Amino acid sequence: MDNIKYQVFISSTYTDLIEERRKVLDVLLMADCIPAGMEAFVATDLEQFEVIKKVIDYCDYYVLIIGKRYGSISPETDISYTEMEYDYAISKGIPVLVFALDESVELPKEKVDSDPLQLIKLKKFREKAMTNRMATIWHTPDELTGHLAISIMKAKSEIKRPGWQRAVNYDEASLRRTIMDLQTDNERLYKDVSEKQSIIDSLMEQNDIAFEDCNIKFDYYYFKTVYSGSKSKSEKVSDNKSIPLVELFKVISLEMLDVAVAEIRIVKAIKSKLFKEDNDIYFSDSQIVKQVLMQLSELKLIYSFWSDSKSNLFWNLTEKGEKLRNDYLLIRNQQQSNEGE
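My numbering puts the first residue of the sequence shown at 67, with every later residue one more than the last.
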(Lines of atoms letter the chains of each structure in order from A and count residues from 1; the text may use other names and numbers.)
(Lines give C-alpha, C1' and ligand atoms only; values in the text may rest on other atoms or scores of the structure.)
Protein backbone atom coordinates (compact mmCIF):
# COMPACT_ATOMS: atom_id res chain seq x y z
CA MET A 1 0.00 0.00 0.00
CA ASP A 2 2.99 2.32 0.50
CA ASN A 3 3.62 2.33 -3.26
CA ILE A 4 0.38 4.16 -4.07
CA LYS A 5 0.87 7.45 -5.92
CA TYR A 6 -1.83 10.11 -6.09
CA GLN A 7 -2.52 12.20 -9.17
CA VAL A 8 -3.08 15.91 -8.49
CA PHE A 9 -4.52 18.40 -10.97
CA ILE A 10 -3.04 21.92 -10.78
CA SER A 11 -5.48 24.64 -11.85
CA SER A 12 -4.83 28.37 -12.14
CA THR A 13 -4.45 31.17 -14.60
CA TYR A 14 -1.17 30.56 -16.38
CA THR A 15 1.05 33.48 -17.46
CA ASP A 16 0.77 35.35 -14.14
CA LEU A 17 1.51 32.28 -11.99
CA ILE A 18 4.26 30.47 -13.94
CA GLU A 19 6.74 30.60 -11.06
CA GLU A 20 4.16 29.49 -8.51
CA ARG A 21 3.02 26.57 -10.70
CA ARG A 22 6.61 25.40 -11.13
CA LYS A 23 7.20 25.43 -7.37
CA VAL A 24 3.90 23.64 -6.73
CA LEU A 25 4.83 20.97 -9.28
CA ASP A 26 8.18 20.41 -7.52
CA VAL A 27 6.48 20.07 -4.12
CA LEU A 28 3.99 17.53 -5.46
CA LEU A 29 6.78 15.46 -6.99
CA MET A 30 8.62 15.47 -3.65
CA ALA A 31 5.36 14.43 -1.95
CA ASP A 32 5.34 11.33 -4.20
CA CYS A 33 2.39 12.62 -6.23
CA ILE A 34 1.76 12.68 -9.97
CA PRO A 35 1.15 16.32 -11.05
CA ALA A 36 -1.32 16.90 -13.86
CA GLY A 37 -0.70 20.53 -14.57
CA MET A 38 -1.64 20.71 -18.26
CA GLU A 39 1.19 23.24 -18.65
CA ALA A 40 1.25 22.91 -22.42
CA PHE A 41 -2.50 22.58 -22.86
CA VAL A 42 -4.61 25.48 -21.63
CA ALA A 43 -8.30 25.35 -22.52
CA THR A 44 -9.34 27.97 -25.08
CA ASP A 45 -12.62 26.40 -26.23
CA LEU A 46 -15.14 23.84 -25.04
CA GLU A 47 -13.67 21.06 -27.16
CA GLN A 48 -10.30 21.39 -25.40
CA PHE A 49 -12.07 21.74 -22.07
CA GLU A 50 -13.66 18.32 -22.65
CA VAL A 51 -10.15 16.86 -22.81
CA ILE A 52 -9.20 18.57 -19.55
CA LYS A 53 -12.34 17.17 -17.88
CA LYS A 54 -11.17 13.65 -18.73
CA VAL A 55 -7.81 14.37 -17.08
CA ILE A 56 -9.56 15.71 -13.95
CA ASP A 57 -11.69 12.53 -13.84
CA TYR A 58 -8.52 10.49 -13.26
CA CYS A 59 -7.13 12.77 -10.55
CA ASP A 60 -7.31 12.05 -6.83
CA TYR A 61 -6.97 15.66 -5.64
CA TYR A 62 -7.41 19.09 -7.21
CA VAL A 63 -5.26 22.13 -6.37
CA LEU A 64 -6.59 25.60 -7.23
CA ILE A 65 -4.23 28.59 -7.10
CA ILE A 66 -5.89 32.01 -7.23
CA GLY A 67 -3.90 35.14 -8.02
CA LYS A 68 -5.19 38.50 -9.23
CA ARG A 69 -6.35 37.50 -12.70
CA TYR A 70 -9.63 35.81 -13.57
CA GLY A 71 -8.46 34.21 -16.82
CA SER A 72 -9.92 33.59 -20.27
CA ILE A 73 -13.73 33.55 -20.33
CA SER A 74 -15.69 30.98 -22.27
CA PRO A 75 -18.20 32.72 -24.58
CA GLU A 76 -20.61 29.81 -24.08
CA THR A 77 -20.69 29.90 -20.26
CA ASP A 78 -19.51 33.50 -19.54
CA ILE A 79 -17.14 32.21 -16.84
CA SER A 80 -13.41 31.50 -17.00
CA TYR A 81 -12.04 28.10 -17.92
CA THR A 82 -10.26 28.05 -14.53
CA GLU A 83 -13.58 28.45 -12.72
CA MET A 84 -15.13 25.84 -15.02
CA GLU A 85 -12.37 23.41 -14.02
CA TYR A 86 -13.02 24.12 -10.34
CA ASP A 87 -16.78 23.65 -10.69
CA TYR A 88 -16.26 20.38 -12.56
CA ALA A 89 -13.90 19.00 -9.88
CA ILE A 90 -16.45 19.91 -7.18
CA SER A 91 -19.27 18.26 -9.14
CA LYS A 92 -17.24 15.05 -9.34
CA GLY A 93 -16.59 15.00 -5.60
CA ILE A 94 -12.82 15.37 -6.02
CA PRO A 95 -11.19 16.84 -2.87
CA VAL A 96 -10.21 20.43 -3.63
CA LEU A 97 -7.35 22.36 -2.01
CA VAL A 98 -7.64 26.13 -2.55
CA PHE A 99 -4.72 28.56 -2.21
CA ALA A 100 -5.67 32.22 -2.70
CA LEU A 101 -3.19 35.11 -2.84
CA ASP A 102 -3.79 37.65 -0.08
CA GLU A 103 -5.60 40.63 -1.57
CA SER A 104 -3.19 43.09 0.09
CA VAL A 105 -0.16 41.74 -1.84
CA GLU A 106 1.06 44.16 -4.53
CA LEU A 107 1.86 42.65 -7.94
CA PRO A 108 3.16 44.04 -11.26
CA LYS A 109 0.32 45.48 -13.34
CA GLU A 110 0.66 42.75 -15.99
CA LYS A 111 -0.29 40.20 -13.30
CA VAL A 112 -3.43 42.06 -12.22
CA ASP A 113 -6.77 42.36 -14.03
CA SER A 114 -7.72 45.95 -14.82
CA ASP A 115 -11.06 45.24 -16.48
CA PRO A 116 -13.90 45.96 -13.98
CA LEU A 117 -15.98 43.01 -15.21
CA GLN A 118 -13.04 40.63 -14.78
CA LEU A 119 -12.46 41.96 -11.26
CA ILE A 120 -16.10 41.40 -10.29
CA LYS A 121 -16.02 37.85 -11.64
CA LEU A 122 -12.70 37.17 -9.87
CA LYS A 123 -14.09 38.43 -6.56
CA LYS A 124 -17.17 36.18 -6.81
CA PHE A 125 -15.07 33.18 -7.82
CA ARG A 126 -12.65 33.80 -4.95
CA GLU A 127 -15.48 34.07 -2.41
CA LYS A 128 -17.00 30.83 -3.69
CA ALA A 129 -13.70 28.96 -3.58
CA MET A 130 -12.83 30.24 -0.08
CA THR A 131 -15.91 28.52 1.37
CA ASN A 132 -14.00 25.29 0.86
CA ARG A 133 -12.86 23.86 4.19
CA MET A 134 -9.36 23.29 2.75
CA ALA A 135 -8.80 26.91 1.70
CA THR A 136 -5.62 28.83 2.59
CA ILE A 137 -4.26 32.35 2.07
CA TRP A 138 -0.67 32.85 0.84
CA HIS A 139 1.57 35.90 0.42
CA THR A 140 4.72 34.60 -1.32
CA PRO A 141 5.54 31.63 -3.58
CA ASP A 142 7.54 30.04 -0.76
CA GLU A 143 4.61 30.42 1.64
CA LEU A 144 2.34 28.88 -1.00
CA THR A 145 4.53 25.81 -1.32
CA GLY A 146 4.79 25.49 2.45
CA HIS A 147 1.01 25.52 2.82
CA LEU A 148 0.67 23.07 -0.08
CA ALA A 149 3.12 20.58 1.41
CA ILE A 150 1.15 20.50 4.66
CA SER A 151 -2.27 20.44 2.98
CA ILE A 152 -1.49 17.63 0.54
CA MET A 153 -0.09 15.42 3.30
CA LYS A 154 -3.16 16.16 5.45
CA ALA A 155 -5.50 15.44 2.55
CA LYS A 156 -3.74 12.14 1.78
CA SER A 157 -4.12 11.02 5.40
CA GLU A 158 -7.68 12.26 6.01
CA ILE A 159 -9.38 11.84 2.60
CA LYS A 160 -8.65 8.42 1.19
CA ARG A 161 -8.50 8.22 -2.58
CA PRO A 162 -7.84 5.25 -4.92
CA GLY A 163 -4.54 6.52 -6.29
CA TRP A 164 -2.36 4.57 -8.70
CA GLN A 165 -0.44 1.40 -7.95
CA ARG A 166 1.62 -1.03 -10.00
CA ALA A 167 -0.26 -4.27 -10.57
CA VAL A 168 2.78 -6.30 -9.45
CA ASN A 169 2.56 -4.65 -6.03
CA TYR A 170 -1.04 -5.68 -5.45
CA ASP A 171 -1.29 -8.20 -2.60
CA GLU A 172 -4.84 -9.35 -1.86
CA ALA A 173 -3.90 -11.13 1.36
CA SER A 174 -2.13 -8.03 2.64
CA LEU A 175 -5.12 -5.90 1.67
CA ARG A 176 -7.50 -8.15 3.60
CA ARG A 177 -5.28 -7.98 6.68
CA THR A 178 -5.22 -4.19 6.40
CA ILE A 179 -9.04 -4.07 6.21
CA MET A 180 -9.35 -6.29 9.31
CA ASP A 181 -6.88 -4.08 11.20
CA LEU A 182 -8.84 -0.98 10.20
CA GLN A 183 -12.09 -2.56 11.39
CA THR A 184 -10.49 -3.33 14.75
CA ASP A 185 -9.18 0.23 15.03
CA ASN A 186 -12.61 1.60 14.10
CA GLU A 187 -14.31 -0.41 16.86
CA ARG A 188 -11.75 0.77 19.40
CA LEU A 189 -12.14 4.41 18.35
CA TYR A 190 -15.92 4.16 18.48
CA LYS A 191 -15.69 2.87 22.05
CA ASP A 192 -13.30 5.70 23.01
CA VAL A 193 -15.64 8.31 21.52
CA SER A 194 -18.63 6.91 23.40
CA GLU A 195 -16.76 6.95 26.72
CA LYS A 196 -15.58 10.52 26.25
CA GLN A 197 -18.85 11.96 24.97
CA SER A 198 -20.10 12.50 28.51
CA ILE A 199 -16.91 14.43 29.32
CA ILE A 200 -17.42 16.63 26.26
CA ASP A 201 -21.04 17.29 27.25
CA SER A 202 -19.98 18.41 30.72
CA LEU A 203 -17.43 20.77 29.24
CA MET A 204 -20.06 22.42 27.05
CA GLU A 205 -21.43 24.38 30.01
CA GLN A 206 -17.96 25.84 30.57
CA ASN A 207 -17.80 26.69 26.86
CA ASP A 208 -21.09 28.59 27.20
CA ILE A 209 -19.49 30.80 29.86
CA ALA A 210 -16.53 31.48 27.54
CA PHE A 211 -19.02 32.27 24.77
CA GLU A 212 -20.50 35.12 26.80
CA ASP A 213 -17.06 36.69 27.41
CA CYS A 214 -15.43 36.18 24.01
CA ASN A 215 -14.71 39.13 21.71
CA ILE A 216 -13.55 38.95 18.09
CA LYS A 217 -11.31 41.69 16.72
CA PHE A 218 -12.02 42.68 13.11
CA ASP A 219 -9.31 44.58 11.26
CA TYR A 220 -10.88 46.17 8.21
CA TYR A 221 -10.45 48.90 5.65
CA TYR A 222 -12.49 50.92 3.20
CA PHE A 223 -11.94 53.56 0.55
CA LYS A 224 -13.21 57.12 0.76
CA THR A 225 -13.09 59.89 -1.78
CA VAL A 226 -10.88 62.84 -0.81
CA TYR A 227 -11.31 66.14 -2.64
CA SER A 228 -8.52 68.64 -3.22
CA GLY A 229 -9.82 71.62 -5.13
CA SER A 230 -11.40 70.30 -8.32
CA LYS A 231 -9.58 66.96 -8.09
CA SER A 232 -10.51 63.88 -6.14
CA LYS A 233 -8.77 60.64 -5.26
CA SER A 234 -9.61 57.43 -3.45
CA GLU A 235 -7.92 57.02 -0.07
CA LYS A 236 -7.62 53.76 1.89
CA VAL A 237 -8.73 54.00 5.51
CA SER A 238 -7.85 51.22 7.98
CA ASP A 239 -9.68 50.61 11.26
CA ASN A 240 -10.59 47.82 13.68
CA LYS A 241 -13.48 46.85 15.89
CA SER A 242 -13.96 44.26 18.64
CA ILE A 243 -17.35 42.55 18.54
CA PRO A 244 -18.66 40.16 21.21
CA LEU A 245 -19.14 36.65 19.88
CA VAL A 246 -22.66 36.81 21.35
CA GLU A 247 -23.55 39.75 19.09
CA LEU A 248 -22.09 37.98 16.08
CA PHE A 249 -24.20 34.93 16.87
CA LYS A 250 -27.34 37.07 17.13
CA VAL A 251 -26.76 38.51 13.65
CA ILE A 252 -25.81 35.16 12.13
CA SER A 253 -28.67 33.24 13.75
CA LEU A 254 -31.25 35.77 12.52
CA GLU A 255 -30.10 35.01 8.97
CA MET A 256 -30.97 31.37 9.65
CA LEU A 257 -34.69 31.72 10.27
CA ASP A 258 -35.85 28.38 8.84
CA VAL A 259 -33.18 28.50 6.13
CA ALA A 260 -29.54 27.48 5.70
CA VAL A 261 -27.22 30.18 4.38
CA ALA A 262 -23.87 30.37 2.59
CA GLU A 263 -20.88 32.14 4.13
CA ILE A 264 -21.09 35.04 1.66
CA ARG A 265 -24.55 35.94 3.00
CA ILE A 266 -23.26 35.78 6.58
CA VAL A 267 -20.39 38.13 5.68
CA LYS A 268 -22.85 40.64 4.17
CA ALA A 269 -25.08 40.48 7.26
CA ILE A 270 -22.16 41.12 9.64
CA LYS A 271 -20.93 44.06 7.56
CA SER A 272 -24.37 45.67 7.21
CA LYS A 273 -25.56 45.23 10.80
CA LEU A 274 -22.42 45.56 12.91
CA PHE A 275 -20.41 48.17 10.98
CA LYS A 276 -21.68 51.73 10.48
CA GLU A 277 -19.29 52.98 7.77
CA ASP A 278 -20.96 54.57 4.75
CA ASN A 279 -18.48 52.93 2.36
CA ASP A 280 -18.10 49.25 1.50
CA ILE A 281 -15.68 47.63 3.94
CA TYR A 282 -13.20 44.81 3.43
CA PHE A 283 -11.83 42.54 6.16
CA SER A 284 -8.03 42.47 6.29
CA ASP A 285 -8.17 38.81 7.26
CA SER A 286 -10.42 37.14 4.69
CA GLN A 287 -10.68 34.11 6.99
CA ILE A 288 -12.06 36.00 10.01
CA VAL A 289 -15.71 35.10 9.39
CA LYS A 290 -14.75 31.47 8.77
CA GLN A 291 -12.99 31.52 12.19
CA VAL A 292 -16.16 32.90 13.82
CA LEU A 293 -18.25 30.15 12.20
CA MET A 294 -15.81 27.48 13.37
CA GLN A 295 -16.00 28.79 16.95
CA LEU A 296 -19.79 28.71 16.88
CA SER A 297 -19.59 25.23 15.39
CA GLU A 298 -17.31 24.09 18.23
CA LEU A 299 -19.91 25.44 20.66
CA LYS A 300 -22.50 23.21 18.92
CA LEU A 301 -24.58 26.24 17.94
CA ILE A 302 -24.30 25.82 14.17
CA TYR A 303 -23.28 23.11 11.74
CA SER A 304 -22.18 23.00 8.09
CA PHE A 305 -23.08 20.85 5.11
CA TRP A 306 -22.43 20.80 1.38
CA SER A 307 -25.09 21.50 -1.22
CA ASP A 308 -26.22 18.62 -3.44
CA SER A 309 -23.73 19.70 -6.10
CA LYS A 310 -21.00 20.08 -3.47
CA SER A 311 -20.19 23.49 -4.94
CA ASN A 312 -21.26 25.51 -1.87
CA LEU A 313 -20.88 25.08 1.88
CA PHE A 314 -23.99 26.03 3.86
CA TRP A 315 -24.49 26.74 7.57
CA ASN A 316 -27.53 26.22 9.76
CA LEU A 317 -28.47 26.24 13.43
CA THR A 318 -28.33 23.20 15.64
CA GLU A 319 -31.19 22.53 18.04
CA LYS A 320 -29.13 24.19 20.75
CA GLY A 321 -28.47 27.18 18.47
CA GLU A 322 -32.18 27.56 17.64
CA LYS A 323 -33.08 27.58 21.33
CA LEU A 324 -30.45 30.23 22.12
CA ARG A 325 -31.56 32.38 19.16
CA ASN A 326 -35.21 32.15 20.25
CA ASP A 327 -34.23 33.09 23.81
CA TYR A 328 -32.49 36.21 22.51
CA LEU A 329 -35.51 37.06 20.34
CA LEU A 330 -37.83 36.65 23.34
CA ILE A 331 -35.67 38.91 25.48
CA ARG A 332 -35.52 41.56 22.74
CA ASN A 333 -39.29 41.46 22.17
CA GLN A 334 -39.94 41.82 25.89
CA GLN A 335 -37.58 44.81 26.07
CA GLN A 336 -39.32 46.44 23.12
CA SER A 337 -42.70 45.80 24.74
CA ASN A 338 -41.59 47.37 28.03
CA GLU A 339 -40.19 50.40 26.22
CA GLY A 340 -43.54 50.89 24.47
CA GLU A 341 -45.53 50.96 27.72
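We treat Cβ as the ideally placed atom computed from N, Cα and C, and that holds for glycine. No experiment lies behind these values; they were computed from the predicted model shown.
Residue 136 places its beta carbon less than 8 Å from that of residue 187. Contact annotation: the stretch 71–79 touches the stretch 110–125, with at least three C-beta pairs closer than 8 Å. DSSP places residue 95 in the uninterrupted alpha helix (DSSP H) bounded by 84–96. In the three-state reduction of the DSSP assignment, residue 310 falls in the strand class. Here residue 343 carries a coil assignment [DSSP, helix/strand/coil]. When rounded, the separation of the alpha-carbon atoms in residue 315 and residue 333 is 12 Å. The stretch 162–180 makes contact with the stretch 207–226, as at least three CB pairs between them are under 8 Å. Secondary structure note for residue 202: its beta strand (DSSP E) is the uninterrupted segment 201–204. Counting only residues of its own chain and dropping the five nearest sequence neighbours on each side, residue 326 has a CB closer than 6 Å to the CB of 380, 382. In this structure, DSSP gives residue 195 a helical state, which the three-state scheme calls helix.
Going by C-alpha positions, residue 147 is about 8 Å away from residue 115.
In the DSSP assignment, residue 162 falls within the unbroken beta strand (DSSP E) covering 162–167. If you draw a straight line from the Cα of residue 299 to the Cα of residue 280, it comes to about 39 Å. Apart from the 5 residues on each side of it in sequence, residue 126 sits with its Cβ closer than 6 Å to the Cβ of 72, 73, 227, 229 in its chain, given in chain order.
DSSP places residue 172 in the coil class of the three-state scheme, outside both helix and strand. Taking C-alpha positions only, residue 297 is separated from residue 289 by approximately 16 Å.
If the five residues before and after residue 207 are omitted, its C-beta is found closer than 7 Å to the C-beta atoms of 85, 86, 89, all from its own chain and listed in chain order.
Bounds of the alpha helix (DSSP H) holding residue 114 are 112–123. The residue among 178, 170, 200, 183 with its C-alpha nearest the C-alpha of residue 156 is 200. Put simply, the backbone Cα of residue 132 is about 23 Å away from that of residue 373. Taking each of 240, 371, 159, 350 in turn and checking the Cα distance to residue 225, the smallest one comes out for 159.
Under the three-state reduction of DSSP, residue 101 is assigned to strand.
Distance from the CA of residue 214 to the CA of residue 98, rounded to the nearest whole angstrom, comes to 13 Å. The C-beta separation of residue 287 from residue 304 comes to about 5 Å, placing the pair in contact by the 8 Å criterion. In the structure shown, the three-state DSSP call for residue 382 is strand.
Taken atom to atom, the span from the alpha-carbon of residue 247 to that of residue 254 is near 11 Å. Collapsing the DSSP output to three states places residue 323 in coil. DSSP, read as helix, strand or coil, puts residue 73 in strand.
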